[in-house]
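J.: Numbering (my numbering), first residue to last: 1 to 237.
Structure follows, in C-alpha cells:
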C-alpha cells in the first residue's frame with residue numbers, strides 16, 4: 001500500500017505442514033502444535049482476507065478501479081482428508097468454508113472475487129524439515145502399516161518428491177486464472193496438478209453416490225415437505 005496505494009490481488013499462501021499421530025494432541029506438546037498450525041493456516045488466512053476486502057472496497061477506488069481478487073491456497077488438503085495430517089486439514093477445510101461464505105457475503109458492486117487454489121504434490125520446501133513439523137509419536141500407531149506411517153513414508157521419499165509438479169507451473173496457472181476474471185467469473189475451486197484434480201473429482205463422485213444411497217433416510221425426517229431451508233438457500237445464494 002505504501003508503494004502503490006492499492007492491492008489488486010492477494011494470495012494467502014504462507015504456511016507449513018504438521019504430520020503425525022492425531023491422538024498425540026492429548027499431550028501438551030501435541031496440543032500446542034495442533035493449535036499453532038490452525039492459528040497459522042486458518043486465522044492467519046482469515047485476517048488477511050478481510051484486510052484485503054477492506055482495501056479492495058475502500059482504498060482501491062482512490063487510485064483506480066474498485067475491487068480485487070483473493071486467492072486462498074488451501075491445497076488438495078482443503079477438500080480431501082488423509083491420515084496423519086488432521087489438524088492441517090481442519091485448518092484448510094475451514095479456509096474453504098470461510099472463502100465460500102465470504103464470497104457470497106460481499107456485495108456484487110464491490111467487484112471482489114475469490115478463488116480457492118488446491119495444489120497437490122508441488123515441488124517446494126514444504127515437505128522439508130524447515131516447513132514440516134511433526135507431532136509427538138503415539139505408541140498405538142507405531143506399526144509400519146499404520147496409515148499415518150504409510151503417508152509419512154510417501155512424503156519423505158525423495159524419489160517420489162521428484163515426480164511432483166513444478167511450483168512455477170502452479171504459479172503460472174494461478175496467474176492465468178486471475179487474468180480470466182476480466183472476462184468471466186472465477187471458479188470457486190481450482191485444483192492444480194492431475195493428482196489434485198482426480199482426487200477432487202473422485203470425491204465428488206463418491207459423495208454423489210453416497211447421497212443417492214442414503215436419500216430415503218435423509219428425507220424421512222421431513223413432515224409433508226414443510227422445511228424450506230434448502231429451497232431458500234439454493235434460490236438466494
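Glycine included, every Cβ here is placed at the ideal spot set by N, Cα and C.
Should the region 95–111 be called in touch with the region 140–156, which here means at least 3 C-beta pairs below 8 Å?
T.: no
J.: Could you compute how far the alpha carbon of residue 122 sits from the alpha carbon of residue 223?
T.: Whole-angstrom Cα-Cα distance: 49 Å.
J.: My output table needs one value for residue 17: the three-state DSSP class, helix, strand or coil.
T.: strand
J.: If you draw a straight line from the alpha carbon of residue 77 to that of residue 125, how long is it in whole angstroms?
T.: 17 Å
J.: When burial is assigned at 16 or more other CB atoms within 10 Å of the CB, is residue 229 buried or exposed?
T.: exposed
J.: So is residue 205 buried or exposed if we call it buried at 16+ other beta carbons inside 10 Å?
T.: exposed
J.: Since I believe residue 88 is in contact with residue 41 (beta carbons under 8 Å), could you give me their beta-carbon distance rounded to a whole number of angstroms?
T.: Contact holds; Cβ gap of about 7 Å.
J.: Have a look at the DSSP bridge pairing and note the partners of residue 73.
T.: 117
J.: Taking one C-beta from the region 5–15 and one from the region 42–59 each time, how about it: are there three or more such pairs within less than 8 Å?
T.: yes
J.: Which one of 45, 185, 197 has the shortest CA to CA distance from residue 111?
T.: Closest by alpha carbon: 185.
J.: For residue 179 and residue 69, I'd like the C-alpha separation in whole angstroms.
T.: 10 Å
J.: Figure out for me which residue from 67, 199, 47 has the closest Cα to the Cα of residue 182.
T.: The option with the nearest alpha carbon to residue 182 is 67.
J.: Please name the residue, chosen from 158, 45, 91, that lies closest to residue 81 on a Cα-to-Cα basis.
T.: 91
J.: Check whether the Cβ atoms of residue 144 and residue 21 lie closer than 9 Å to each other.
T.: no
J.: Taking C-alpha atoms, which residue in 195, 210, 6, 34 lies nearest to residue 25?
T.: 34
J.: Does the beta-carbon distance from residue 200 to residue 187 come in below 9 Å?
T.: no
J.: Between the beta-carbon of residue 118 and the beta-carbon of residue 14, is there less than 9 Å?
T.: no
J.: Beta-carbon within less than 8 Å of residue 1's beta-carbon, same chain only, minus the 5 sequence neighbours each way: which residues are those?
T.: For residue 1, where only same-chain residues beyond five positions count, the Cβ hits under 8 Å are 7, 55, 59.
J.: What does a CB cutoff of less than 6 Å around residue 63 pick up in its chain, not counting 5 residues either side in sequence?
T.: 5, 6
J.: Give me the Cα-Cα distance between residue 29 and residue 209, rounded to the nearest whole angstrom.
T.: Each residue's Cα considered, the two are about 40 Å apart.
J.: For residue 93, tell me which candidate among 163, 189, 161 has the shortest Cα-Cα distance.
T.: 189
J.: In whole angstroms, what is the alpha-carbon distance linking residue 211 and residue 85?
T.: 26 Å
J.: Keeping to the same chain, check which residues put their C-beta closer than 8 Å to that of residue 141; ignore five residues upstream and five downstream.
T.: 21, 23, 148, 149
J.: Kindly indicate the opening and closing residues of the alpha helix (DSSP H) around residue 35.
T.: 28–38
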